[in-house]
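Below: one structure, written as structure tokens.
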Amino acid sequence: PLPPAALRVCRPGCAAPSPPRLRAEGHTEMPFREDVRTATVPGCIDGWAGLHARCGRLPLSRVLAPAIAYAEEGFPASPLLVASHARIAGLPGAADYDAVAPLRPGTIVRRPGAAATLRTLAAEGRDGVFGGDYGADLLERGAGEYTRADLDRSQAAWVEPLSARAFGHTVWTMPPTSQGYLAAAGAAVAGQVDLPDDPDDERWAHLLIEVAKQVGHDRPDRLFDGADGATLLAAARLDARAAAIDPERASTLAPPGRGGGTIYLCAADRDGQAVSLIQSNASGWGSHLILPRTRIFLHNRGIGFSLRSGHPAEYGPGRRPPHTLAPTIVTRADGTLRAVVGTMGGDAQPQIVEQLLVRLLHHGETPGAAVDAGRWTLTSPGGNGFDTWDDPAGPSVAIEAHAAPGWDALAGRGHRVERTVPGASGFGHAHVITAEDGHLAGAADPRALTGAAIGW
Numbered sequence: 100p101l102p103p104a105a106l107r108v109c110r111p112g113c114a115a116p117s118p119p120r121l122r123a124e125g126h127t128e129m130p131f132r133e134d135v136r137t138a139t140v141p142g143c144i145d146g147w148a149g150l151h152a153r154c155g156r157l158p159l160s161r162v163l164a165p166a167i168a169y170a171e172e173g174f175p176a177s178p179l180l181v182a183s184h185a186r187i188a189g190l191p192g193a194a195d196y197d198a199v200a201p202l203r204p205g206t207i208v209r210r211p212g213a214a215a216t217l218r219t220l221a222a223e224g225r226d227g228v229f230g231g232d233y234g235a236d237l238l239e240r241g242a243g244e245y246t247r248a249d250l251d252r253s254q255a256a257w258v259e260p261l262s263a264r265a266f267g268h269t270v271w272t273m274p275p276t277s278q279g280y281l282a283a284a285g286a287a288v289a290g291q292v293d294l295p296d297d298p299d300d301e302r303w304a305h306l307l308i309e310v311a312k313q314v315g316h317d318r319p320d321r322l323f324d325g326a327d328g329a330t331l332l333a334a335a336r337l338d339a340r341a342a343a344i345d346p347e348r349a350s351t352l353a354p355p356g357r358g359g360g361t362i363y364l365c366a367a368d369r370d371g372q373a374v375s376l377i378q379s380n381a382s383g384w385g386s387h388l389i390l391p392r393t394r395i396f397l398h399n400r401g402i403g404f405s406l407r408s409g410h411p412a413e414y415g416p417g418r419r420p421p422h423t424l425a426p427t428i429v430t431r432a433d434g435t436l437r438a439v440v441g442t443m444g445g446d447a448q449p450q451i452v453e454q455l456l457v458r459l460l461h462h463g464e465t466p467g468a469a470v471d472a473g474r475w476t477l478t479s480p481g482g483n484g485f486d487t488w489d490d491p492a493g494p495s496v497a498i499e500a501h502a503a504p505g506w507d508a509l510a511g512r513g514h515r516v517e518r519t520v521p522g523a524s525g526f527g528h529a530h531v532i533t534a535e536d537g538h539l540a541g542a543a544d545p546r547a548l549t550g551a552a553i554g555w
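Its first residue numbered 100, the sequence shown is counted upward by one per residue in my numbering.
Okay, structure coming up:
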């Protein structure tokens, strides 16, 4: 088996982004929406191209044909799309959605600009896209934030993944600026604590919560472009985090400061090739800025930058923003595929992956049982999914409505606990594929409403 490889994308422009100018405007954090400075150079097109060049088995035109047809001929609005439409109704460029108001589940939506862009990609490759209407849109909307040189070079690069040993397996993930190291670290440290045999035991939840806090509380100061991923997963560092866990009481870690719209998908084939992929425009509908010709929405992943002067993740030219995406692959000691795991969910992604890995690798649960099981996540008063480590008192714990009743006893261990109502968001949309005994098994998260597990 070939060792896993990691493909990362997206860089900011090099037209001298100015943190002092943002601070002079009164910003203490990156603008969340309606500011092009949070939209680093889009890398999705380059990501697709890079992934297809390495792993694709069909012509790109055939791969994109269904998406082109849906965008051109129309697709039925999903319940999630309908529920989120109000956020962008009336925005300049949102006419593809507003034209069919009132939008209801099943209403046909057409995206001709996206269809044309995909056709160009299939026929002319990434250079045709960035040299055409899409590139012209970016330069116009960016108003100096992007340069032609930014668009002429690929934003995707194959890099060495990070890995950590956990429960007799190797957990692989993305290097910085991804927070994927937290998922690998969480699994590795979880393997060092005395977990109960029953995941419904509140001590199980307590220990994994403490694992997530120990490995993640300093993320805002540790995660930046150029951070040494191997150091973040060094055995001595993880051993110290494991040793700091109180098996009976919640910690009072004080975070050092602050550091939607995401989809996760995974695929595996009979030959053991697998892909763990996350695409994201950060928050729901991204920056709320829409390209005028193609009506494609710009992301706001730049919210991961810091505006603190001298911070290693300070907003600046040529830097990648720290981000929440944490795709994961697990292999056995002989290098063969064991599992593909991931989720959307902002800061909560590595916490959810940690719970899934423990259930799959330690308890031997099936993909369906692991995905369906109730979850906990760490939360903060802001509640926007990207500010878990903002509260000086440390994060609180949200418990999913259908999680084990015994987890309510976490409050007795010093955790600030809130059990949510049925159907509450914030617990991710996770998907899993496992490879065992010569066959593949998979599960799509029912929380996603529109997710699907497909095999053939």
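Each residue gets a CB set at the ideal place from its N, CA and C atoms; glycine is no exception.
Is there a C-beta anywhere in chain B that falls below 8 Å from the one on residue i?
{"i": "Asp145", "result": "Within the model displayed, chain B is absent; a lone protein chain is all it includes."}
According to DSSP, is residue i helix, strand or coil?
{"i": "Trp555", "result": "coil"}
{"i": "Gly358", "result": "Low confidence applies to Gly358: its pLDDT is 31, below 50, so where it sits in the model is not reliable enough to give any reading."}
{"i": "Ala366", "result": "strand"}
{"i": "Val440", "result": "strand"}
{"i": "His387", "result": "coil"}
{"i": "Arg302", "result": "helix"}
{"i": "Gln448", "result": "helix"}
{"i": "Gly541", "result": "strand"}
{"i": "Arg264", "result": "strand"}
{"i": "Ala278", "result": "Here the sequence assigns Gln to residue 278, which means Ala is not the residue at that position. Residue state, collapsed to three classes: coil."}
{"i": "Pro204", "result": "coil"}
{"i": "Val181", "result": "helix"}
{"i": "His530", "result": "strand"}
{"i": "Gln454", "result": "helix"}
{"i": "Phe404", "result": "coil"}
{"i": "Phe229", "result": "helix"}
{"i": "Val108", "result": "coil"}
{"i": "Thr269", "result": "strand"}
{"i": "Leu477", "result": "strand"}
{"i": "Glu239", "result": "helix"}
{"i": "Leu424", "result": "coil"}
{"i": "Thr487", "result": "coil"}
{"i": "Ala373", "result": "strand"}
{"i": "Ala256", "result": "strand"}
{"i": "Thr216", "result": "helix"}
{"i": "Glu535", "result": "strand"}
Less than 8 Å separating the beta-carbons of residue i and residue j?
{"i": "Leu424", "j": "Ile377", "result": "yes"}
{"i": "Thr476", "j": "Ala447", "result": "yes"}
{"i": "Pro204", "j": "Pro178", "result": "yes"}
{"i": "Glu244", "j": "Arg136", "result": "yes"}
{"i": "Gly192", "j": "Arg394", "result": "yes"}
{"i": "Ile207", "j": "Trp384", "result": "no"}
{"i": "Val374", "j": "Ala381", "result": "no"}
{"i": "Lys312", "j": "Leu352", "result": "yes"}
{"i": "Leu159", "j": "Leu106", "result": "no"}
{"i": "Glu239", "j": "Pro391", "result": "yes"}
{"i": "Gly146", "j": "Ala255", "result": "yes"}
{"i": "His184", "j": "Tyr196", "result": "yes"}
{"i": "Ile532", "j": "Met129", "result": "no"}
{"i": "Gly444", "j": "Ile451", "result": "yes"}
{"i": "Val140", "j": "Asp232", "result": "no"}
{"i": "His305", "j": "Leu456", "result": "no"}
{"i": "Pro494", "j": "Ser479", "result": "yes"}
{"i": "Pro298", "j": "Ala472", "result": "yes"}
{"i": "Glu453", "j": "Val310", "result": "yes"}
{"i": "Asp324", "j": "Pro275", "result": "yes"}
Between residue i and residue j, how many whole angstroms is the CB-CB distance? I'm expecting something under 8 Å.
{"i": "Ile308", "j": "Leu220", "result": "Not quite, the Cβ-Cβ distance comes to about 43 Å (not below 8 Å), so this is no contact."}
{"i": "Pro420", "j": "Arg407", "result": "That belief does not hold up - the Cβ atoms of Pro420 and Arg407 are roughly 14 Å apart, past 8 Å."}
{"i": "Ala552", "j": "Gly541", "result": "5 Å"}
{"i": "Glu133", "j": "His387", "result": "5 Å"}
{"i": "His530", "j": "Tyr414", "result": "With 8 Å as the limit, His530 and Tyr414 do not qualify as a contact, their Cβ atoms being about 32 Å apart."}
{"i": "Trp506", "j": "Glu301", "result": "5 Å"}
{"i": "Thr442", "j": "Trp271", "result": "Going by Cβ atoms, the distance from Thr442 to Trp271 rounds to 16 Å, so no, they are not a contact pair."}
{"i": "Ala289", "j": "Leu332", "result": "In fact, because the Cβ distance is near 14 Å, the residues do not count as touching under 8 Å."}
{"i": "Gly550", "j": "His528", "result": "6 Å"}
**Item:** Cβ pair count under 8 Å reaching 3, the stretch 251 to 266 against the stretch 456 to 467
**Value:** yes
**Item:** 3 or more residues per run - each beta strand (DSSP E) lying fully within the stretch 489 to 523
**Value:** 495 to 498 and 516 to 518
**Item:** Cβ pair count under 8 Å reaching 3, the stretch 490 to 500 against the stretch 429 to 439
**Value:** no
**Request:** Counting only runs of 4+ residues fully inside the stretch 118 to 186, write out the alpha helix (DSSP H) ranges in chain order.
**Result:** 118 to 123, 143 to 154, 159 to 172 and 178 to 183
**Request:** May I have a chain-ordered list of the alpha helix (DSSP H) segments no shorter than 4 residues that lie completely inside the stretch 309 to 363?
**Result:** 318 to 321, 328 to 331 and 334 to 342
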